[in-house]
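The structure appears below as structure tokens.
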Amino acid sequence: MQSKIVKIDLGERSYDIAIGSGLLSLVGDYLPFDISAKKVFLITDDNVEPYALDLRSKLQEAGVGFCEILTLPHGEKTKSYDSLRRAHDWMLENNIDRSSIVFAVGGGVIGDLAGFSASTILRGVPFVQIPTTILSQVDSSVGGKTGINTSYGKNLVGSFFQPEAVITDIDTLKTLPKREVLAGYAEVVKYGLIDDLAFFEWLEENGSAVIDLEEEAILYALETSCRAKARVVEADEREGGKRALLNLGHTFGHALEAAAGYDGSLLHGEGVSIGSVMAFDLSVQMGLCTQEDADRVRKHFESVGLPVDASAISTNVDYLIDSMGRDKKVLNNKMTFILARAIGEAFITQDVDEAMVRSVLEQSLSGGC
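To convert, count from 1 in the sequence shown and add 224; that's my numbering.
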């Protein structure tokens, strides 16, 4: 099958996203350098280590002399200072140099951690993203955001550091649990909600085919999502403005993830699903969009099996407000929200009444509509 190529145009930091089936067997064809001349450091987790082992075999067949694997525990808690230190020590023990290449083989957690470790070791060595989940394929592997979580919140320590390439093999999705597929699908829907009503309408008709990983549907969804993110990243690489639109649902969602303790009881995409519903509910309360649009968003997430309220999370409004107040998008002590005038018409604002935010949070925690 022929691969799709999406280009991220950032001048000298430009790179390609290759999307297709069987690409792990052809990694060298999609790299902008001769891999055989490099020392390669593969960072993965215990859920997807078989893909890293296969990749190492392919790279060794291609003539790579040094190719070692660091396998970390799966889960959000791996995005930590301890894991970062472990990755740094491992690379230094194996004599990494500035011509070495770090490969991130895994989902968003591994991509963020490996990217951050690459950006900080020896003041920066090149890295390649090999995303193995829908969420990482359409979002975290694209655009150069790397980082770790802290006890104060998610992604509060990190860097902007673009990869040399993103190689997306859709075959890696076949081993994902259904829940992980759904969590990634929430990020796909996000692109329709931000500025592409036609894509959202396509998802209303074809979402089940995407979730079932039907090849034509999943390829279209991945390519459309990556092109959408590419446009935003090219216009605002370091999130000085428009790129914040990509955080639709995330201000609420990150607070919910913190409340859940990053223990796997609430996946990132599930938080985005609930947070997107909250964003539209808040938009309705503020008189910005219609109840019909908010109901449509809720109905779509609910129809595919994603959560639409926070009733299963043991927390309270004060904790969530405090967590949202520490979000990295806070400016001049004011929270930043991504709201919508309609499906496909999202915008950034800080002009939000906290009483309305509290009302939406209370409503979601109670399971109300």
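Think of the CB as a built atom: it goes at the ideal place given N, C-alpha and C, for glycine as much as any other residue. Note that this is a predicted model, so its numbers are computed, not measured.
- About 28 Å separates the beta carbon of G235 from that of S260, a gap too long to meet the 8 Å contact definition.
- Classified as buried, L470 has 16 or more neighbouring CB atoms from the shown chains inside 10 Å of its CB.
- Note that the segment 463-483 does not touch the segment 321-333; fewer than 3 beta-carbon pairs, one per stretch, sit closer than 8 Å.
- Classified as buried, T396 has 16 or more neighbouring CB atoms from the shown chains inside 10 Å of its CB.
- Of all C-beta pairs linking the segment 443-450 to the segment 361-375, three or more are shorter than 8 Å, placing the two stretches in contact.
- Contact between I394 and S245 holds: their C-beta atoms lie close to 5 Å from each other, under 8 Å.
- Annotation for K303: V333, D336, L337, I372 and N373 place their beta carbon closer than 7 Å to its own, counting only its chain and skipping 5 residues before and after.
- Looking at the DSSP output, V457 sits in no beta bridge, so it has no partner there.
- A389 is bridged by DSSP to V352.
- Taking C-beta atoms as the reference points, L472 and I418 count as a pair closer than 7 Å.
- Each of Q587, H478 and M315 was checked against the Cα of L380, and the nearest Cα belongs to H478.
- Here the C-alpha atom of D233 lies approximately 33 Å from the C-alpha atom of R310.
- Here the segment 344-351 makes contact with the segment 381-391; the two share three or more CB pairs at distances below 8 Å.
- Among the bridge pairs identified by DSSP, C291 is matched with V264.
- Residues G377, K378 and S547 of the same chain have their beta carbon placed closer than 7 Å to that of A482, with the five preceding and five following residues left out of the count.
- Between the beta-carbon of G408 and that of I358 there is about 3 Å, and that keeps the pair under the 8 Å contact cut.
- Buried is the label assigned to P531, since at least 16 other Cβ atoms lie within 10 Å of its Cβ.
- Assignment of S500 by DSSP, reduced to helix, strand and coil, places it in the helix class.
- When the beta-carbon positions are compared, S588 and A534 come within less than 7 Å of each other.
- With a 10 Å radius around the Cβ and a threshold of 16 neighbouring Cβ atoms, K262 comes out buried.
- Closest by C-alpha distance to I243, out of I442, F423 and G339, is I442.
- Residue pairing of S365 in beta bridges, as defined by DSSP: absent, with no partner found.
- About 5 Å separates the beta carbons of L294 and I267, which is inside the 8 Å limit, making them a contact pair.
- Residue pairing of A570 in beta bridges, as defined by DSSP: A564.
- Residues of the same chain with a CB within less than 7 Å of the CB of F340, apart from the 5 flanking positions on each side, are L308, T370, G371, I372, G382 and S383 in chain order.
- In this structure, M502 lies away from F525, with their beta-carbon atoms at least 7 Å apart.
- In this model, G511 and F571 are separated by some 14 Å (Cα to Cα).
- Scanning the segment 510-563 from its first residue to its last, the whole alpha helix (DSSP H) runs of 4-plus residues come out as 515-528 and 541-549.
- In the structure shown, D419 falls within a helical segment according to DSSP collapsed to helix, strand and coil.
- Where D240 is concerned, there is no enclosing alpha helix (DSSP H), although the beta strand (DSSP E) around it starts and stops at Y239 to G244.
- DSSP places I232 within a strand segment (E or B) once states are collapsed to three.
- Counted as a single uninterrupted DSSP element, the beta strand (DSSP E) harbouring A328 occupies residues I325 to G330.
- Contact check for L427 against G568 fails: the beta carbons are separated by 7 Å or more.
- Taking C-alpha positions only, S507 is separated from C513 by approximately 6 Å.
- The criterion of a C-beta distance shorter than 7 Å is not satisfied by G592 and V528.
- An exposed status is given to A459, since fewer than 16 other beta-carbon atoms sit within 10 Å of its beta-carbon.
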